[in-house]
Structures are given as C-alpha cells and as structure tokens.
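Peer 1:
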Amino acid sequence: MNQKEIKRLLDKFNAGKCTDEELQLLQQMMHELDADTNTSDNIKALKQPLWERIEKQTIAKGKIRRLNTTWLKVAAAVLVAVCAGLFYSKIATHKNEQIAYQVITAPKGSMKQITLPDSTTVQLNAGTSLKFPVSFSDSRREVTLINGEAFFDVKHDVKRPFMVHTAKVTTQVLGTSFNIKFYKELPDLQVYVNSGKVEVHDQRHTLGFYTPRQQLTYNKQHGSFTRQELTVDHSLSWMHDELILDNASFKEITVYLQNRYSVNFKYNEKRLAQQHYSVRFSNKLNIRQVLDILQFIDGHKYKLNGDMVNIK
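In structure tokens, the structure reads:
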C-alpha cells in the first residue's frame, strides 16, 4: 500500500464507505501510529480516552455493538493531512523486515516457564504452544498463543506495546500480568487480569479494558463476550498445588486432564455435553485417582487402558 492508497482509504472512511476489511486495516494502522516513537503526543492522545468512551457504550453481558468509530473520524482528519507518509514508511519497513520466529511447546504432562527477548516471563500450561520472534522490533512486541493456556508477566515498556494474538482476538498491554486460556477444542477464549490494565479487541470491535480480577469470556464462533468480576483467582490455580474448575463443562475437564496426564478420552460427547462440574484436583493425584473422583461424582464408569480413558 502506497501513500496515495492510504490517503484514499482515509478519505473513504470519512465518507462512511469502508468495508469491514478496510476498517480492520485502518484500526491496525492506528495501533501502528500509537506505538511509533516519532508520533506527536497530541495525536497519540486521541486513542485511549476515546476507546474508553466506546467501552462505556458497549452493551454488557455479551451483545456486541458495532464499533463506534467517532475517534477514528477525528484521527483520520488529522492523519490525511500529516500522517499518510508515516503510515507508508512504516508499512514499507515491515515488509522489508526479515523476522525469525521460534515456537516453544510445553509437552503434555509438564509445564514450562520461558523468558522472552524483552525479559517478559511466560508460564505455559501442559500442551501449550507459543510463537514469538527471536528479537522484538523497536515499536512493538508481538507473540501468538497457538493453543493452550499461558500466564504472562509482561516487562513494562511504554514505547513498545505487548500484544498476544489468539485467532481473531488480540490482547494488548504495556506492562502487566494476565492469563489467557485458548484451547482450540473449546468454544470460548478467556482472558483473566492479575495486575495492571489490559485492552482486548477482535477484528471488528473493541472488547474493552480489563483490570485486576476481571475476566473476559469470548465465544469464538459467535463473537459474543461477557465480563466477570471474580472474587477468587481460581483462573490461576493450574500453576499452583491444585487445579480448581468452577462450573466447567465436561469437555473442558477432559481437555485439562488430557494435557496434564497425557491421556485421551473416548466417550459419547452428546450424552455428556450438558454436564457441568465444579472440581478440585490436587497436583499430587495420579490419573487413576482423578478418574475415581469423577466416577464418584457422575456415576459413569471410567476405564483406563494404556493412555486411553473409556467412559460408559
């Protein structure tokens, strides 16, 4: 995209004729502008207060409104005049960059802690894979949670936002700690904030700002979401002595146990799909002891053959 095309896109937006894909590209460029160290503070100041105004207008308990783009219209008027060249130069730079990535996976049956190039630490739950560059750029820090669950303790850097991509959802911070649960087998993605402030958005909407003990639950199929205020931090229990799951679906429980104990479950998913459990498993228990507990709770028969668990 050259400078002329960027200006055309901004003009098209002001006329209210942008497609969803063009809106997404424009939002991405605004994030680029916000992270650029050469951008004036006056232009940067447009973003956060207007995002917060958008959040207040968002309907609570799941219904997402179309992104109120008032802040983009204000910014676009400025950008058309002074920033198209900046966008062009940044996009050209990114195209020419040769970025080397690595993928770290915590094998099933064990957790892993890693340190990223900026000294951010990440705790990976069993069976979790994270992709990140060998070195971060001068403007931002981006990683991708491919599958699983991870706790991020992000090194504060006001000049380089830290972003975690998970399919359609991006979690962005400057320096804080939070947990992301993103299992491909489960319908929902969850972001739990332990400290600081976290901004979350998908490809078309802002999902708001979240503060300590707040949790976002995002349905990957429908794009709906809810915000919860949690009084206890069971969302982080997987890193400690006990795994505590509150009102968890049977599918969620099996996903955790498959990764923790490196087993596979075979059962009638339709029959057990509606069952939910609140369970507490000590990390000292072996898989047979865990299955005995589940058998006692629901009355089904659990039989372990090698690494296969059959449920009848």
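The numbering of the sequence shown is our numbering, which starts it at 3 and goes up by one. Quick reminder that beta carbons are idealized off the backbone N, C-alpha and C, glycines included. Only a predicted model underlies this, so the values are computations on that prediction, with no experimental measurement involved.
(1) Rounded to the nearest angstrom, what separates GLY210 and VAL202 at their Cα positions?
(2) Please list, in chain order, all residues of the same chain as SER137 whose beta carbon is under 7 Å from its beta carbon, the five residues on each side excluded.
(3) Once you ignore the five residues that flank ARG319 on each side, which residues in its own chain have a CB closer than 6 Å to its CB?
(4) With three or more beta-carbon pairs closer than 8 Å as the criterion, would you say the region 260-273 touches the region 121-131?
(5) Taking the alpha helix (DSSP H) that GLN297 belongs to, which residues open and close that run?
(6) In the DSSP assignment, find the beta strand (DSSP E) that holds GLU187 and state where it starts and stops.
(7) Looking at PHE283: is its Cβ nearer than 8 Å to the Cβ of GLU244?
(8) Determine whether the beta carbon atoms of SER121 and LYS157 lie at a separation below 8 Å.
(9) Can you give me the start and stop residues for the alpha helix (DSSP H) that THR146 sits inside?
(10) What did DSSP end up calling MET165 once you bin it into helix, strand or coil?
(11) Within this structure, are the beta carbons of ASN249 and ASP309 separated by less than 8 Å?
(12) Whole-angstrom Cβ separation of ASP300 and GLN276, contact assumed at under 8 Å?
(13) Name the DSSP bridge partner or partners of ILE250?
(14) How is the alpha helix (DSSP H) around LYS110 delimited, first residue to last?
Peer 2: Put simply:
(1) The sequence position of residue 210 within the sequence shown is 208, counting from 1. The sequence position of residue 202 within the sequence shown is 200, counting from 1. Going by the C-alpha atoms only, they are around 6 Å apart.
(2) Looking up residue 137 in the sequence shown gives position 135. Excluding positions up to five away in sequence, the list reads PRO119.
(3) Residue 319 cannot be examined here, being either before or after the span of the chain that is shown, 3 to 314.
(4) yes
(5) Within the sequence shown, residue 297 is the residue found at index 295, counting from 1. Segment 289-300, the alpha helix (DSSP H) holding GLN297.
(6) Position 185 of the sequence shown, counted from the start, is the residue given in the question as residue 187. It is not in any beta strand (DSSP E) - GLU187 carries neither H nor E in the DSSP assignment.
(7) Counting from one through the sequence shown, the residue named residue 283 turns up at place 281. Counting from one through the sequence shown, the residue named residue 244 turns up at place 242. In this structure, GLU244 lies closer than 8 Å to PHE283 by Cβ.
(8) Locating residue 121 in the sequence shown gives position 119, where the first residue counts as 1. Locating residue 157 in the sequence shown gives position 155, where the first residue counts as 1. Yes, these two residues count as a Cβ contact at 8 Å.
(9) Taking the sequence shown and counting its residues from 1, one reaches residue 146 at position 144. THR146 -> not in any alpha helix (DSSP H); beta strand (DSSP E) instead, spanning 143-155.
(10) Position 163 of the sequence shown, counting from 1, holds the residue named residue 165. Strand, per DSSP.
(11) Taking the sequence shown and counting its residues from 1, one reaches residue 249 at position 247. Taking the sequence shown and counting its residues from 1, one reaches residue 309 at position 307. No, they are not a contact pair.
(12) The sequence position of residue 300 within the sequence shown is 298, counting from 1. The sequence position of residue 276 within the sequence shown is 274, counting from 1. Actually they are not in contact, since the Cβ atoms of ASP300 and GLN276 sit about 12 Å apart, beyond 8 Å.
(13) Indexing the sequence shown from 1 puts residue 250 at position 248. With the sequence shown as reference, residue 250 is identified as Ala, and Ile is not the correct amino acid for it. The partner list for ALA250 (beta bridge, DSSP) reads TYR279.
(14) Along the sequence shown, one-based indexing puts residue 110 at 108. Counting along the chain, LYS110 falls outside any alpha helix (DSSP H), and DSSP gives it neither H nor E.
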